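Those protein sequence lines, which keep their order, are chains A and B. All the letters of the first sequence, read from the start, carry residue numbers 517 to 821 under the working numbering. All the letters of the second sequence, read from the start, carry residue numbers 517 to 821 under the working numbering. Heads up, the beta-carbon is just placed ideally off N, CA and C, and yes, glycines get one too. Computed from a predicted model, the values in this text were never measured in an experiment.
There are 2 protein chains.
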Amino acid sequence: MEEVLIFGHKSPDTDTICSAIVLENLLKKLGQNVKAARNGEPNKETKFALNYFNVELPELINGVEEGQEVILVDHNEFSQSADGIENAKIKMVVDHHRVHEFETADPLYYRAEPVGCTNTILLKMYKENGVEIDKTIAGLMLSAIISDTLLLKSPTKTAEDEKAVKELAKIAGIDYEAYGLEMLKAGTDLSDYSAEELINLDCKKCELKDKKSRIAQVNTADIPEMMTRKAEIEAAMQKVIDEEGLDLFVFAITDIINSNSQAIALGKETAIFERAFTTLEDNTAFLPGVVSRKKQILPVLQENA
Amino acid sequence: MEEVLIFGHKSPDTDTICSAIVLENLLKKLGQNVKAARNGEPNKETKFALNYFNVELPELINGVEEGQEVILVDHNEFSQSADGIENAKIKMVVDHHRVHEFETADPLYYRAEPVGCTNTILLKMYKENGVEIDKTIAGLMLSAIISDTLLLKSPTKTAEDEKAVKELAKIAGIDYEAYGLEMLKAGTDLSDYSAEELINLDCKKCELKDKKSRIAQVNTADIPEMMTRKAEIEAAMQKVIDEEGLDLFVFAITDIINSNSQAIALGKETAIFERAFTTLEDNTAFLPGVVSRKKQILPVLQENA
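What follows is the structure, given as structure tokens:
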């Protein structure tokens, strides 16, 4: 039987990488021939989590062959997936995003729920299948939920995510608050990234009516330090705008300790940003209380496009 | 709180109608404000089942308003759904078909599995939520699975469907084989349908590469009797071909007792049908062992388009 590849989105984050490993573990225990993979290099937060629980990175793939059987985690949009996904055979999806630019030729397993993290859904799937969760897997699931919900402080967090974190912390036998802060802080060490890398660490394409845009986000514990690199970040953003013909590029520097963001917005449609939030001064604005791209940035931009 | 409408596809069949009722029952027990609805008139098989278990038909709706919260069962493709679905707010989908021409603006519950019937998935959802299934609901679920799997004889049937039928028959307290045959036969009384109605009872649009096509299907216990109406059926088919600019219209008359079909194929692309199956004589051909549009007709036509 052919091996089914399990992978998450490009520019992988902790939920995407951990989802692939966690679902591989579940399906192997259910007797399936599956293998976790990844579409890109892990960020420092993810490396910290894997290192902490002594788990190896899934194998990097460079697109998928026609007819390859695959399972998508933490995404469904083809534009965020492996190259060649249009001609792969999608057997299963486990996700917590909207369904968009996704289709299959055949019936499949599709499991999405509007919760804060894919791993909150995976926890349910372990329970439904009566499969025990070991300490390591619990630690990875916990890391993913802490990452996606910024230690339960993001508005994307649901009651189910919170319950899952407490349950998984018990299984993993760790103090999730201390561990979570340490993990999130590991992800905020951005000093050795180039400006190009910074704006690509977690960057999503999105459409604002007929306008092409990108919203990138980084987590930090120190906004002023990141803003010392404003000029080179803007230059890198402008390069992407020119190359891709973007109308708007928003880069959110999110302070995960105090739950605020500093945004840099460039492009000929910055008026959308200003209608959505506030006046830009020298291309930048402080957004108090804003931490979630999905809930607090994208929909507000869409409404004002 | 606004009432969320639950409905299945147009040209409703037994699974679509029963799924709406069965999911309404589950979600109401979980405290949600939901209401089952339907997009079209029920066929005789469905009427027989509802009558047998003394359950009322869900309310007929005529499209949905912008922003209406909805739950889709037994379908996801917008072209098969209520008019106006593009601007509704889709909260949940429970389905067993491929995902196609479907998208949402927000994250949602999406539960699809590649099984023979939506109600096989709904049975799992009752169990996962610890909600008891009463005799009536079990009877409706059983009817739907019998209908979609032609009493477990269709190749779309999975081991899970078979297990579900046996379990539900016990709860409903009925002999599923005797009941199922009676229900399927009730659906084969097509004598008082006009030819236009016959070709619309269960008719799906589908694309064969760039060719526009429709595949309609009726169940019968007597193919020769149905074929006495061949001339008027062909005239009705030709009218739809002209009106919609179809390239191929296939009408499958399926003998549910002996598990065969007689097909009538019209349109300028009947060569696709002939490559897929066999030579047409006077626009018709006998297809031994063919009972499933999804598994035995549509994919074979697609391969030969």
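**Report entry** the region 593–605 of chain B in contact with the region 591–598 of chain A per 3-pair CB rule at 8 Å
**Finding:** Two segments are said to touch when three or more pairs of C-beta atoms, one from each, lie closer than 8 Å; by this definition the region 593–605 of chain B does not touch the region 591–598 of chain A.
Query raised in the report: In whole angstroms, what is the alpha-carbon distance linking B:Asn645 and A:Glu644?
Result: C-alpha separation (whole angstroms): 10 Å.
Query - A:Lys720, buried or exposed, once every other Cβ within 10 Å from all chains shown has been counted against 16 - result: The residue is buried, with at least 16 neighbouring Cβ atoms inside 10 Å.
Query - Short Cβ contact (7 Å threshold) for B:Val631 with B:Asp664 - result: Not closer than 7 Å, so no.
Query raised in the report: Taking Cβ positions, are B:Ala565 and B:Met699 nearer each other than 7 Å?
Result: Closer than 7 Å, so yes.
Query - Beta-carbon proximity list for B:Gly583, same chain, < 8 Å, skipping 5 on both sides - result: The beta carbon of B:Gly583 sits closer than 8 Å to those of Asn603, Ala604, Lys605, all from its chain and outside the five residues before and after it, given in chain order.
**Report entry** Three-state class that DSSP yields for B:Val756 in the structure shown
**Finding:** Here B:Val756 sits in helix by DSSP.
Requested in this report: Starting from B:Ser775, follow its DSSP beta bridges and name the residues at the other end.
Outcome: According to DSSP, B:Ser775 bridges with nothing at all.
Requested in this report: Provide the residue(s) that pair with A:Thr800 in DSSP beta bridges, ordered along the chain.
Outcome: Per DSSP, A:Ile780, A:Glu797.
Report task. Return the residue from the list A:Thr672, A:Val550, A:Ile749, A:Leu684 that minimises the CA-CA distance to A:Tyr709. Result -> When the alpha-carbon of A:Tyr709 is set against those of A:Thr672, A:Val550, A:Ile749, A:Leu684, the nearest one is in A:Ile749.
Query raised in the report: Where A:Gly579 and B:Thr786 are concerned, what is the direct C-alpha to C-alpha distance, given to the nearest angstrom?
Result: Just so you know, the alpha carbons of A:Gly579 and B:Thr786 end up roughly 38 Å apart.
Query raised in the report: Ends of the alpha helix (DSSP H) at A:Val538?
Result: Looking at the DSSP string, the run of the alpha helix (DSSP H) that includes A:Val538 is 530–545.
Query raised in the report: Between the region 612–632 of chain B and chain A, which residues of the former have a C-beta closer than 9 Å to a C-beta of the latter?
Result: Listed by position along the chain: His612, His613, Arg614, Val615, His616, Glu617, Phe618, Glu619, Thr620, Ala621, Asp622, Pro623, Leu624, Tyr625, Tyr626, Arg627, Ala628, Glu629, Pro630, Val631.
Query raised in the report: Skipping 5 residues on each side, what residues in its chain have a beta carbon closer than 8 Å to that of B:Thr795?
Result: Result list for B:Thr795: Ala801, in chain order.
Query raised in the report: How far does the beta strand (DSSP E) with A:Val580 in it reach, from first residue to last?
Result: It is not in any beta strand (DSSP E) - A:Val580 carries neither H nor E in the DSSP assignment.
Query raised in the report: Taking one C-beta from the region 809–819 of chain A and one from the region 659–673 of chain A each time, how about it: are there three or more such pairs within less than 8 Å?
Result: As far as the Cβ criterion goes, the region 809–819 of chain A touches the region 659–673 of chain A, which means the pair count is three or higher.
Query raised in the report: From B:Ser775 to B:Gly703, what does the alpha carbon distance come to, in whole angstroms?
Result: The alpha-carbon atoms of B:Ser775 and B:Gly703 are separated by roughly 15 Å.
Query raised in the report: So B:Ser729 is in the beta strand (DSSP E); what residue range does that whole segment cover?
Result: B:Ser729 -> beta strand (DSSP E) spans 727–736.
Query - 8 Å Cβ shell around A:Ala628 - same chain, five flanking residues per side excluded - result: For A:Ala628, where only same-chain residues beyond five positions count, the Cβ hits under 8 Å are Asn592, Val609, Val610, Asp611, His612, His613, Val615, Ile637.
**Report entry** Whole-angstrom distance between A:Thr532 and A:Leu714, CA atom to CA atom
**Finding:** The straight-line gap from Cα to Cα measures roughly 18 Å.
Query raised in the report: Given that a residue counts as buried once 16 or more other Cβ atoms are within 10 Å of its Cβ, and exposed if not, what is B:Pro528?
Result: Residue environment for B:Pro528: buried (at least 16 other C-beta atoms within 10 angstroms of its C-beta).
Query raised in the report: Does the beta-carbon distance from B:Ala737 to B:Ile773 come in below 7 Å?
Result: Yes, the Cβ-Cβ distance between B:Ala737 and B:Ile773 is below 7 Å.
**Report entry** chain A contact residues for B:Glu644, given Cβ-Cβ distances below 7 Å
**Finding:** Neighbours of B:Glu644 on chain A, chain order: Glu644.
Query raised in the report: Applying the criterion that 16 or more other CB atoms from any shown protein chain within 10 Å of the CB defines a buried residue, is B:Ala747 buried or exposed?
Result: That one is exposed.
**Report entry** B:Asp691 - partner residues in DSSP beta bridges
**Finding:** Partner(s): none; B:Asp691 has no beta bridge.
**Report entry** B:Thr704 (DSSP reduced to helix, strand or coil)
**Finding:** The answer is coil: DSSP assigns B:Thr704 none of H, G, I, E or B.
Query - Where A:Val806 falls: helix, strand or coil (DSSP) - result: Note: A:Val806 maps to coil in three-state DSSP.
**Report entry** Three-way DSSP call (helix, strand, coil) for B:Lys560 in this model
**Finding:** Residue state for B:Lys560 is assigned as helix, using DSSP reduced to three classes.
Query raised in the report: Does the distance from the C-beta atom of B:Leu782 to that of B:Asn799 stay below 7 Å?
Result: Yes, these two residues count as a Cβ contact at 7 Å.
Query - Beta-carbon proximity of B:Ala654 to B:Ala598, cut-off 7 Å - result: No. Outside cutoff.
**Report entry** Backbone secondary structure at A:Lys605 - three-state DSSP
**Finding:** Here A:Lys605 sits in strand by DSSP.
Requested in this report: Work out the CA separation of B:Ile661 and B:Leu697 for me, nearest whole Å.
Outcome: Straight-line spacing of the CA atoms in B:Leu697 and B:Ile661 works out to 13 Å.
Query raised in the report: Since A:Lys721 is in the beta strand (DSSP E), which residue starts that stretch and which ends it?
Result: Boundaries of the beta strand (DSSP E) harbouring A:Lys721: 719–724, taken from the DSSP string.
Query raised in the report: Using DSSP with H/G/I as helix, E/B as strand and the rest coil, what is A:Arg627?
Result: Looking at A:Arg627 - three-state DSSP - the assignment turns out to be strand.
**Report entry** Neighbourhood of A:Tyr692 by C-beta, 7 Å cutoff - its chain only, sequence neighbours within 5 removed
**Finding:** Excluding five sequence positions before and after A:Tyr692, the CB atoms of its chain that fall closer than 7 Å to its own CB belong to Leu658, Ile662, Val681, Ala685, given in chain order.
Query raised in the report: Can you check whether the CB of A:Ala821 is closer than 7 Å to the CB of A:Lys727?
Result: Yes; because the gap between Cβ atoms is below 7 Å, this pair is in contact.
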